[in-house]
Structure formats: structure tokens, C-alpha cells
Amino acid sequence: MHSFGFRANAVLTFGITILALICAMASISDNFNSPRPSSEIQIKYPIDSGEIKFSFSMQVSLTMNITADLQSLFTWNTKQVFVFVAAEYETPKNALNQVSLWDAIIPAKEHAKFWVQTANKYRFVDQGSNLRGKDFNLTLHWHVMPKTGKMFANKLVIPGYRLPEEYR
Amino acid sequence: MGWMGDTVDSIKSIQIRQLLAQGVSLGMIVTSALIIWKALMCFTGSESPVVVVLSGSMEPGFKRGDILFLHMSNDPIRTGEIVVFNVDGREIPIVHRVIKVHERQETGDVEVLTKGDNNYGDDRLLYAQGQLWLQRHHIMGRAVGFLPYVGWVTIIMTEKPIIKYILIGALGLLVITSKD
Numbered sequence: 001m002h003s004f005g006f007r008a009n010a011v012l013t014f015g016i017t018i019l020a021l022i023c024a025m026a027s028i029s030d031n032f033n034s035p036r037p038s039s040e041i042q043i044k045y046p047i048d049s050g051e052i053k054f055s056f057s058m059q060v061s062l063t064m065n066i067t068a069d070l071q072s073l074f075t076w077n078t079k080q081v082f083v084f085v086a087a088e089y090e091t092p093k094n095a096l097n098q099v100s101l102w103d104a105i106i107p108a109k110e111h112a113k114f115w116v117q118t119a120n121k122y123r124f125v126d127q128g129s130n131l132r133g134k135d136f137n138l139t140l141h142w143h144v145m146p147k148t149g150k151m152f153a154n155k156l157v158i159p160g161y162r163l164p165e166e167y168r
Numbered sequence: 001m002g003w004m005g006d007t008v009d010s011i012k013s014i015q016i017r018q019l020l021a022q023g024v025s026l027g028m029i030v031t032s033a034l035i036i037w038k039a040l041m042c043f044t045g046s047e048s049p050v051v052v053v054l055s056g057s058m059e060p061g062f063k064r065g066d067i068l069f070l071h072m073s074n075d076p077i078r079t080g081e082i083v084v085f086n087v088d089g090r091e092i093p094i095v096h097r098v099i100k101v102h103e104r105q106e107t108g109d110v111e112v113l114t115k116g117d118n119n120y121g122d123d124r125l126l127y128a129q130g131q132l133w134l135q136r137h138h139i140m141g142r143a144v145g146f147l148p149y150v151g152w153v154t155i156i157m158t159e160k161p162i163i164k165y166i167l168i169g170a171l172g173l174l175v176i177t178s179k180d
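These protein sequence lines are chains H and B, in that order.
Per the UniProt record's numbering, the first sequence starts with residue 1, numbered consecutively.
Per the UniProt record's numbering, the second sequence starts with residue 1, numbered consecutively.
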């Protein structure tokens, strides 16, 4: 009853059970956080300035001004927040198309309030050639990755963007 | 030295009935582990409810050795979800994020493109020859939860099988020599 083996076994089992319990509690504590993120995205529109370009393969290059305040998403159990901007639109063949244009990783609360001006990181290209004159929504998604436990994701939809009709 | 002598004595004094009883209790442990695993498969709707992260393509979010809890529901697949998928011809499942979704009007079939957060390019290089998109049947589950470091046990046991044998041998010895 008091051999080394028994004692080691008891300590290990107890240790692992408590560790599992703490991880679960850390994850549950994330539920008490009610985040209030906000964001604004502007696309440089005027086609004369050459900021939106269509290329041969019908892919769009554009420049975005993204402002966001995601500080309220961070809790003590947050390891990083993955944020990305996607364009959503509908085509005759596809009920929904979502194309991710830009993403970034926010490692800490201090970096969560940011302004960035960037060209799209990933190609904005459709499965057909439906992008001319297309109305689309921009959605800012965030994915909270915890130090342990359940992950949360949500999004903010900003409607009302439109691609120009003409080639450049 | 006294401990060694005791161990040898206890091995010599094993009776058949005691051995059988211990065999049964070992079998019960293995079976209940299997039952829990199968129940988890049912509960999460995924073929493998827990996966270990093997590569660094999702760093800094997921590091090698972390384990992910998966869940598969009939909800449509949307960008930003972290999915685990199998490519035809590769046995190891890959865990990456969805960056593009195209969903058909009538049927609701989806075509999906994925990318690892830490990779420069998307996953088209990883898909099968000539494959440009993933379909729903390739996807085994969505990652919903995560535990750090716990998966190292599995990685060590897979990459250095000698440790697996040593562990099983030691466990077997413990079971046989315990007086219960």
C-alpha cells in the first residue's frame, strides 16, 4: 500500500485529473467574456486611379483600408486571434461564394486595435467569369484560438460593395 | 535486491485461476476503452474524434504535438473553419483552414480550398494530381477544441515504436506482479 509504485501511481492520477479539470475550467471561463468588436473596411474604388484591376484570368486586385478594434475578444485564456476578410457574393451557378482576401494573426491584446492598408493577399478570382459589376459583401471573420479548450469564431458582415463593370 | 527477489517469487507463485482473473480484468479495461472511443465517434459524428497535429503548418496556433477535438455536423462548410481532411492517396489527414468556398445553387454541393496558416501558398500542391478543390466527402471534421502538448505521447510512440513496446511490457509486468 505504501510502495513506491502505488504512491507514484496515485500522484500521477491525481495530477492528471486536476490538470484536466483546470483546462476545462479555463475553457468555460471564456464563455463569460462578451466581446464587442468593431471594424470598418474601405476599398479604393475609382477605377481611373488603377486601384482595382482585372487581369487576363479575371482576377481582381484591389487595395483595402481595414480598421478594426478586436481588443474585447482577448481573455486570459486566449493564445491568438486569427482575423481574415472574405468577399461573399452570389452567381447564377453558385448560391454562395466566399473568397478570402486577406488574413493576419493577432498574437496579443495590444495588437488588436489596428489599421492596415493592403492589397489583397489571395487572388480574388471566381470559378466562372462573373466578377464584373458584381455586388458583394465583405465579411471580417475572427477565430479566437485559446490556450486550451473550445475555439470561438464569429464574423461581422459589411454589405454594399460593388466591382466595376469594366476591364482595366 | 530484495525487491527483485520478491518479484521473482511472485512470478513463480502464479496460479492458473489468478492468471485468468487478471486476464479478464485486462480485457475489461481494453474493451471499455474501445467503447469510449466508439461512443466518441458517434457523439461527434466524425471518424476520428481526436487528432494529433503532426506538422508546423498551422503555427503559431497549433504546434506539433497538440491534440484537436473534432466535430462533424451537416452544417455547410464556410470560410475560416479549421477542417481535417484526407486526400486520396495519402493516409495522414491534414488540418488546415478553409479559405475559399463555392456552393452550388440547387444541390448545395461545395467546393473548398484550404491553406495552412503558416504556409505561403494554398493546399493545391497537397491535393491529388489534377484536383483543384475539396468536396464534402473528403472532410472528416471541423476542429472545435484544442489541448496543447498532450499529443506528444502519440507522436513519440509512433516515431519510436521501441518505446511503445517497453511501455506495454512494463504494464504487463505490473499487472502480473500486483497482488490484486
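C-beta: ideal position from N, C-alpha, C; glycine also.
Please read these numbers as outputs of a predicted model, since none were measured by experiment.
For asparagine 9(H), the enclosing alpha helix (DSSP H) has its first and last residue at 4-29. At a cut-off of 8 Å between beta carbons, threonine 44(B) makes no contact with chain H.
For histidine 102(B), a Cβ of chain H is located within less than 8 Å of the residue's own Cβ. Pro60 and Gly61: these are the residues of the stretch 31-61 of chain B whose beta carbon lies less than 8 Å from some beta carbon of chain H, given in chain order.
Residue contact check for glycine 80(B) against chain H: a CB pair falls below 8 Å. Between the C-alpha atoms of asparagine 137(H) and valine 157(H) there is a straight-line separation of about 7 Å.
CA-CA distance, glutamine 127(H) to aspartate 88(B), rounds to 23 Å. Neighbours of leucine 147(B) across chain H, judged by C-beta separation under 7 Å: Cys23 and Thr148.
Assignment of methionine 151(H) by DSSP, reduced to helix, strand and coil, places it in the coil class. From the beta-carbon of alanine 170(B), no residue of chain H is found nearer than 8 Å; the closest lies around 11 Å away. For the pair phenylalanine 114(H) and proline 60(B), the Cα-to-Cα distance works out to about 20 Å. In this structure, the straight-line span from the alpha carbon of lysine 147(H) to that of glutamine 15(B) is close to 50 Å.
If you check the CB distance, isoleucine 66(H) and tyrosine 161(H) do not come in under 8 Å.
Within the stretch 104-131 of chain B, contact with chain H at the beta-carbon level (separation under 7 Å) is assigned to Arg104, Gln105 and Asp117. Its Cα nearest to that of glutamine 98(H), the residue Arg123(H) stands out among Phe82(H), His111(H), Arg123(H) and Ala10(H). The C-alpha of alanine 95(H) lies about 10 Å from the C-alpha of aspartate 109(B). A contact between stretches requires three or more CB pairs, one per stretch, nearer than 8 Å, and the stretch 68-83 of chain H meets this requirement with the stretch 31-39 of chain H.
Using a CB distance cut-off of 8 Å, alanine 143(B) counts as an interface residue toward chain H.
Neighbours of lysine 93(H) in chain B, taken as residues at a C-beta separation under 9 Å, are given in chain order as His102, Arg104 and Gln105. Near chain B, meaning a CB-to-CB distance below 9 Å, the residues of the stretch 61-79 of chain H are Lys79.
At a cut-off of 3 residues, the continuous stretches assigned as beta strand (DSSP E) that sit fully inside the stretch 92-150 of chain H are 94-106, 113-119 and 135-146. The C-alpha of lysine 160(B) lies about 17 Å from the C-alpha of tyrosine 149(B). Taking a Cβ-Cβ threshold of 9 Å, none of the residues of chain B is close to glutamine 117(H); the smallest such distance is about 21 Å. For the stretch 96-109 of chain H, the residues whose beta carbon sits under 8 Å from a beta carbon of chain B are, in order, Leu96, Asn97, Gln98, Val99, Ser100, Asp103, Ile105 and Pro107. Look at isoleucine 99(B): its C-beta is under 8 Å from a C-beta on chain H. Selection Ala143(B), Asn118(B) and Arg78(B) evaluated against valine 112(B) yields Arg78(B) as nearest (Cα-Cα). DSSP places alanine 87(H) in the uninterrupted beta strand (DSSP E) bounded by 78-89. The beta carbon of phenylalanine 114(H) sits no closer than 8 Å to any beta carbon of chain B.
If you draw a straight line from the Cα of alanine 104(H) to the Cα of asparagine 118(B), it is about 10 Å long.
The Cβ neighbour count for glutamine 80(H), taken over all protein chains shown within 10 Å, is at least 16; the residue is labelled buried.
Straight across, the Cα-Cα distance linking lysine 109(H) with threonine 158(B) is about 38 Å. Taking a Cβ-Cβ cut-off of 9 Å, alanine 26(H) has no neighbours in chain B, whose nearest Cβ is about 11 Å from it.
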